[in-house]
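>
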Amino acid sequence: MSAIAWALPALPLVVGALLLLAGRRADGIAPMLAVAAGLGTLGLAVAAAVVRPDVTFPLFAGLPAGMAVDGLSAVLVLTVASAALAVLLFAAGDIGPDDARARFFGLMLVFAAAMLVTVTATDLAVLLMAWEVMGAMSYALIGFWWHDDERVDSANVAFLTTRAGDLGLYFAAGCAVAGTHSLSLDALPHAASPWRDLVAAGIVVAALGKSAQLPFSFWLSRAMAGPSPVSALLHSATMVAAGAYLLLRVHPLLETTGWAGTLVAWAGALTALVMGAVAVAQRDLKQLLAASTCAQIGFMVLAAGVGSVAGGTAQLVAHAAVKCLLFLGAGAFLTALGTKDLSELHGAARRFRLVGVTFGVGALALAGLPPLSIWVTKDIVLASAPVPLYAVGLAGGILAAAYSVKMIVAVWHPEDALTRDDTEQRGTRHVGLAEKLPMPVLAAVGVGFGIVALPGVLGPWQRLLGASGEDGPTAFELVLSGGLAVLVAAVVASRRVRIPAPAVARNWFYLGQAADRLVARPVLALANALAWFDDRVLDGAVRAVAAGGRAAATVTSRRVEFPTDGLVDGLGRSVRRLAVLARRPQTGQVHTYYAQAAVLLVVLIFVVVLVG
Amino acid sequence: MTVLSLVIFLPLVAALALYLFRLGDRASVWTWIVASAADLAIVSALWIGYDGPGIGYETNARWIPSVRAGYHLGVDGLSLPLLALTALLFLCCAVYSLRQTRRVRTFAALFLFLETVSLGLFAALDLLLFFVFFDLSIVAMYFVIAGWGHGERLRSALRFFLYTFFGSLALLLGFIGLYLGSSPKTFDMVELTRNPPLADKPGLAGLVLLAIVVGLAVKTPTVPFHTWLPPAHTDAPAAGSAILAGVLLKMGTYGFVRIAMPMLPDAWREYAWVIVIVGVVSVVYGALVALAQRNLKRLIAYTSVNHMGYIVLAVGAAGLAGDEAARRLAVTGAVTQMVSHGLLTGALFLLCGVLYERTSSYDMDEYGGVARVAPVFAGLLAVASFGSLGLPGLSGFIAEFQIFTGVIGAGTTGAAIAGGISVLGVLITAALFLRLLQRVLLGEPGTLTAKVTDVGAAERVAIAPMLALAVVIGVAPRFLLDLIEPVSSAVIALVAR
């Protein structure tokens, strides 16, 4: 049975890799093949959810790795596989033959495969591997239209921001080994202090980065540079969802540290509030949806912080369906009408009825209107939150109603004289069958998933996730949040109130600029300074040593070599002079020899007498 | 004639044959290819036939009996991966050199000689034999850069020669220290490992370690002894750079694990902190300086400083206190990194050569949009870059993850801080490789883009196998780790004495 655990990610991974290797030759069959692989993956996901496979395998010495499907993973693999299939189907129509389809579908399949491994990994090594591959795929997909430097910049920002968070996971893995002698996720809460706290800190940073929570949210705004189907998958069941999933997975660890749960809960709640305000202020449909993703993921993160696994997971599933649907709708509008500017989209929903209706239903669900899904799932999360967090979460919910209805108003407002098509690209004026097919299904899930809160369903749902005993929402809470949502929705829909859109909120609180000024530029400046240092000072010192060596050689040759040489020369000269002197007595005449011998004899006698 | 001697001297024999039979250009390269392929086949057979742990395929013949230096060869889990890497890289460079046109026979002969030298070094079990190969590698590489380089090749070659020769002199001094400290006096590495010299003279052992570490640090290279590397790489021919980075740098890191750690365990533990700090500085400094480069080849040269820094960090941490299993993991990661860096950086330098051959420029700002004109080249460069920045699924991650987890997992505060700082290297290398990809491959075309054509068949056949192997190690690393792990255990046990 463990074969299913391998086959589930292997199918999309292998098909995706083959498409990437084949390149443009496979452009023709890529959509068909990808949809088939998506269908197969969904089948395997269903099988995995039923069979609950479990594998362990050796990876690093003494640190066994594994993949397993438990209740939480079962929900996630079904969500991921379903969303992936929906998006692949849409993309089969949306990504035209002019684009590099083999590359697109290949990357999408590997992207989905990485998420499937992420949600089934039982240890930090396998998790981190899949987690980072997912980041790289999102880079390649955001920068899919790489001819455009700006889109590549956006891809770089997305990858580097999420990888900055990922450093937390690298660090956490080391601390896990120090604290538990294993990388197993289940063992983490049992790590000794302070390793337990360090592991928690690393995981929290990585998860907040991946899920685009404060202060990392800006990368998700840049991620809009990719094709619409990429956004649909990235914002629903992969990438951003991975951070929320990981926090839900390790919530026992967050709980045991004491501080981590609180920190995570506040990070999520504040993101829901702040990014809700950002979403309200947006004028671009995809930017609005991106900010709303941060905000809605904030509720899942809040859930992990306060220990509402059932609520957080329900929110994840409902949001995945809704956000996938909304991005597909936005993508259909963009392809058909060539614009995503909210004020240019007037009448869009009327021109494409099915897209308009399903988009409207999705937005109503996102608004938290009763009896639709997110109204319920958000309240299950908030049911576990203490009062201050509850209040912040409720405010976030109100903002959700405002921005959601703003979208509905924009696309359902009748076309007027000022509405222009094709402000960003040439539209096709056409939405095909493949694009439409997934929309009603996603809308149905978005509408109906609220049933998890029904008394007969909530219990089994909690048991499935191993979260029995968690609080469910009270009737009062449901009425309060539902009533507020309806009220705000009505006010916005009436168009009597001008919605404030301060520049600071429109620009995502300048988070991206802050990261650029405070981190990216100083690091680059430091790099340049060090490069200068390396070239001038360090290498300069080496060159100086070499130059010093040459100088010493010169000095030696002038100052030492000459005198030494001179000494030798001088010695030679003296010897020569002596020789000349010595030649003098050699006259060859016997009488001079005799005289010399006589003188020598006198000297000898003299010496003998003196010494004697 | 033993099988290891055959492996080592087969390329040299082939080199002599080039002259003996006065082979032409094409025939010379093909001889080189066949000899390297045969060597790779034999090394693979040795790998399959090796049943460790311990030394396999050992030869020990008399060489210079007066100083008890022998012709002692053998392989274990540390040397086998490096022998295989060496054989593969030389084969890839041979195939790549099918496009070489200048003085081809001499070029091939020089590389075959260099292959013998490199294989000999990784199989040597005698310090003098090791030193001879160590020194000859410098000589051969000097001629490769000076003879077939470009730019300021003579200057860079001379600087490379003098700097690394200085390093090898320091190393020789250290080896003589080990010899004099041993009793009975010997240059035999196995005996020196069994009975570490200078165990009772910590001061002297420290000085000997200093000499050896400086010698190896120049070769590796680590900060601050790295400044010979960027000019040498920039001006070397592509195949020369690939061998320099892929094989010659490993001689330094190999020396740490083979010689410095097991032969001077007390001194190693005593000064482990210095090694760790040098490693951390190399990681961060190398990455940051690489980030600032505009010259493609200089950039990759500096990433080598970063990647070698991880290895130095790991072997330093192996000498610290802390959990033994974690430190074993770090050493396994270090050896894996040697292989991984050889594959990925070797491929990166050959890819640099592809560009240079077409445009004669390494200035990244003159490119852009190359993916449009050379899609296969773009794919290969992207895979190599992501491998080098440590993306899971490629060998770099397998190495670096083990190093980080091992160092931090050792469980001491200092090691956790050192590991925590080093993790930053992964982010900086990500930034610099994304910038590289953007400047060269993506975006608007630059002034030289039109000159670039896609990789030819020989280039493809040369580069793809390295990357394929990096993927295999990244996805299914057990075949490699099974070989390395016993060595890691042994090294940790030896250092702990």
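Chains as they are written, first to last, in my numbering: chain A, 37 to 648; chain B, 256 to 752. We put the CB at the ideal spot given by N, CA and C, even for glycine.
What did DSSP end up calling Y526(B) once you bin it into helix, strand or coil?
On the second sequence, position 271 is the one that residue 526(B) refers to. Note: Y526(B) maps to coil in three-state DSSP.
> Looking only at its own chain, which residues have a Cβ that is under 6 Å from the Cβ of A326(A), when we skip the five neighbours before and after it?
Along the first sequence, one-based indexing puts residue 326(A) at 290. Within the same chain, A326(A) has close Cβ partners L256, S257 and M260.
> Quick check: is the beta carbon of F659(B) nearer than 8 Å to any beta carbon in chain A?
Locating residue 659(B) in the second sequence gives position 404, where the first residue counts as 1. F659(B) counts as touching chain A.
> Less than 8 Å between CB atoms is the rule here; does F207(A) satisfy it with respect to chain B?
Along the first sequence, one-based indexing puts residue 207(A) at 171. Yes - at least one Cβ of chain B is within 8 Å of the one on F207(A).
> Should N192(A) be labelled buried (16 or more other beta-carbon atoms within 10 Å of its own) or exposed?
Taking the first residue of the first sequence as 1, we reach residue 192(A) at position 156. Buried, because 16 or more other Cβ atoms sit within 10 Å of the Cβ of N192(A).
> Report the rounded CA-to-CA distance for H217(A) versus L402(A), giving the unit in angstroms.
Reading the first sequence from its first residue, position 181 is the one you call residue 217(A). Reading the first sequence from its first residue, position 366 is the one you call residue 402(A). Distance between the alpha carbons of H217(A) and L402(A) is about 44 Å.
> Here's the rule: buried if 16 or more other CB atoms are within 10 angstroms of the residue's CB, otherwise exposed. What is G601(B)?
Looking up residue 601(B) in the second sequence gives position 346. With 16 or more Cβ atoms within 10 Å of its Cβ, G601(B) is classed as buried.
> Closer than 7 Å, Cβ to any Cβ of chain A: which residues of the segment 473-486 of chain B, in chain order?
Against chain A - using a Cβ distance shorter than 7 Å - the residues of the segment 473-486 of chain B are P479 and T482.
> Let me see if you follow: with CB-CB separation under 8 Å, is F416(B) close to chain A or not?
Here residue 416(B) refers to the residue found at position 161 when the second sequence is read from its first residue. It does not: the Cβ of F416(B) has no partner Cβ on chain A nearer than 8 Å.
> Based on Cα-Cα distance, which residue from V539(B), V590(B), Y611(B) and K505(B) lies nearest to T489(B)?
Locating residue 489(B) in the second sequence gives position 234, counting from the first residue. It is Y611(B) whose Cα lies nearest to the Cα of T489(B).
> Mind checking if Q548(B) is an interface residue toward chain A, Cβ cutoff 8 Å exclusive?
The residue you call residue 548(B) lines up with position 293 of the second sequence. Yes, its Cβ sits closer than 8 Å to a Cβ of chain A.
> Please list, in chain order, the chain B residues whose beta carbon lies closer than 7 Å to that of V188(A).
Along the first sequence, read from residue 1 onward, the residue named residue 188(A) stands at position 152. Per Cβ cutoff of 7 Å: Q693, L697 and G698.
> Where does the unbroken alpha helix (DSSP H) through P100(A) begin, and where does it stop?
Your numbering for residue 100(A) matches position 64 in the first sequence. Element bounds for P100(A): not the alpha helix (DSSP H) but the beta strand (DSSP E), L99 to A104.
> If distances are taken between C-alpha atoms only, which option among F93(A), T455(A) and L435(A) comes closest to G378(A)?
Stepping through the first sequence from its first residue, residue 378(A) is reached at position 342. It should be noted that the sequence gives Leu, not Gly, for residue 378(A). Closest option to L378(A), Cα to Cα, is T455(A).
> Consult DSSP for L328(B) and reduce its assignment to one of helix, strand or coil.
Position 73 of the second sequence, counted from the start, is the residue given in the question as residue 328(B). DSSP places L328(B) in strand when its eight states are reduced to three.
> Answer yes if the segment 553-561 of chain A comes into contact with the segment 444-461 of chain A, meaning at least three C-beta pairs across the two stretches below 8 Å, and no otherwise.
With the cut-off at 8 Å, the segment 444-461 of chain A and the segment 553-561 of chain A do not touch.
> Check the DSSP bridge columns for S595(B) and list the partner residues they point to.
The residue labelled residue 595(B) in the question sits at position 340 within the second sequence. None, per the DSSP bridge assignment.
> In terms of residues, what are the limits of the alpha helix (DSSP H) holding W295(A)?
Sequence index remark: in the first sequence, residue 295(A) carries index 259 (1-based). Unbroken alpha helix (DSSP H) run through W295(A): W295 to A317.
> Following a CB-centred definition, is H405(B) positioned closer than 7 Å to any heavy atom of the ligand FAD?
No copy of the ligand FAD occurs in the structure displayed, which carries no ligand at all.
> Listed from N- to C-terminal order along the chain, which residues in the segment 583-596 of chain B have their beta-carbon within a distance smaller than 8 Å of any beta-carbon of chain A?
Listed by position along the chain: R583, L584 and T587.
> Which chain B residues sit within Cβ distance under 9 Å of V213(A)?
Translated into positions along the first sequence, residue 213(A) becomes position 177. Result: D578, A580, A581, L584, T660, G661, I663, G664, A665 and G666.
> So D185(A) contacts chain B; which residues on that side make the cut at Cβ distance below 9 Å?
Against the first sequence, residue 185(A) aligns to sequence position 149. Here the neighbours are G623, Q693, L697, G698 and E699.
> For G577(B), which residues in the same chain have their Cβ closer than 7 Å to its Cβ, ignoring the five residues on either side in sequence?
Stepping through the second sequence from its first residue, residue 577(B) is reached at position 322. The answer, listed in chain order, is A665, G666, T667 and A670.
> Under a CB-based cut-off of 8 Å, is G674(B) close to chain D?
Given the protein chain composition of this structure (A and B), no chain D is represented.
> Can you grab the Cα-Cα spacing for the pair A489(A) / S743(B), in whole Å?
As a working note, residue 489(A) is residue 453 in the first sequence. As a working note, residue 743(B) is residue 488 in the second sequence. Whole-angstrom Cα-Cα distance: 55 Å.
> Determine whether the Cβ of G648(B) lies closer than 8 Å to any Cβ atom of chain A.
Along the second sequence, read from residue 1 onward, the residue named residue 648(B) stands at position 393. So yes, G648(B) belongs to the interface.
> Helix, strand or coil: which one does DSSP assign to V478(B)?
If you number the second sequence from 1, residue 478(B) lands on position 223. In this structure, V478(B) counts as coil in the three-state DSSP scheme.
> On a CA-only basis, which of G334(A), L270(A), A73(A) and G262(A) is nearest P251(A)? Give me that one, please.
Taking the first residue of the first sequence as 1, we reach residue 251(A) at position 215. That would be G334(A), whose Cα lies nearest to the Cα of P251(A).
> Which runs of the alpha helix (DSSP H) at least 4 residues long sit entirely within the segment 295-366 of chain B? Give them in chain order.
Counting only runs of 4 or more, we get 334-351.
> If you draw a straight line from the alpha carbon of V266(A) to that of H449(A), how long is it in whole angstroms?
By one-based count along the first sequence, residue 266(A) stands at place 230. By one-based count along the first sequence, residue 449(A) stands at place 413. Roughly 27 Å between the two C-alpha positions.
> Taking Cβ positions only, does W182(A) come closer than 8 Å to chain B?
What you label residue 182(A) is simply residue 146 of the first sequence in a count that begins at 1. Closer than 8 Å to some Cβ of chain B, the Cβ of W182(A) qualifies, so yes.
> What residue from W182(A), G367(A), G433(A) and A104(A) has the CA that sits closest to L309(A)'s CA?
Here residue 309(A) corresponds to residue number 273 of the first sequence, with the count starting at 1. L309(A) has its Cα closest to that of G433(A), out of W182(A), G367(A), G433(A) and A104(A).
> Is there contact between the segment 499-518 of chain B and the segment 586-593 of chain B, where contact requires at least three CB pairs shorter than 8 Å?
With the cut-off at 8 Å, the segment 499-518 of chain B and the segment 586-593 of chain B touch.
> At a Cβ threshold of 8 Å, is N543(A) touching chain B?
For the purposes of this step, residue 543(A) is identified with residue 507 of the first sequence, where counting begins at 1. It does not: the Cβ of N543(A) has no partner Cβ on chain B nearer than 8 Å.
> Between the segment 69-95 of chain A and chain B, which residues of the former have CB atoms less than 8 Å from a CB of the latter, in chain order?
Of all residues in the segment 69-95 of chain A, P94 and L95 have a Cβ within less than 8 Å of some Cβ in chain B.
> With V560(B) and P476(B) assumed to form a contact (beta carbons below 8 Å), what rounded beta-carbon distance in angstroms separates them?
Counting from 1 along the second sequence, the entry for residue 560(B) is found at position 305. Counting from 1 along the second sequence, the entry for residue 476(B) is found at position 221. About 7 Å separates the two Cβ atoms, so the contact holds.
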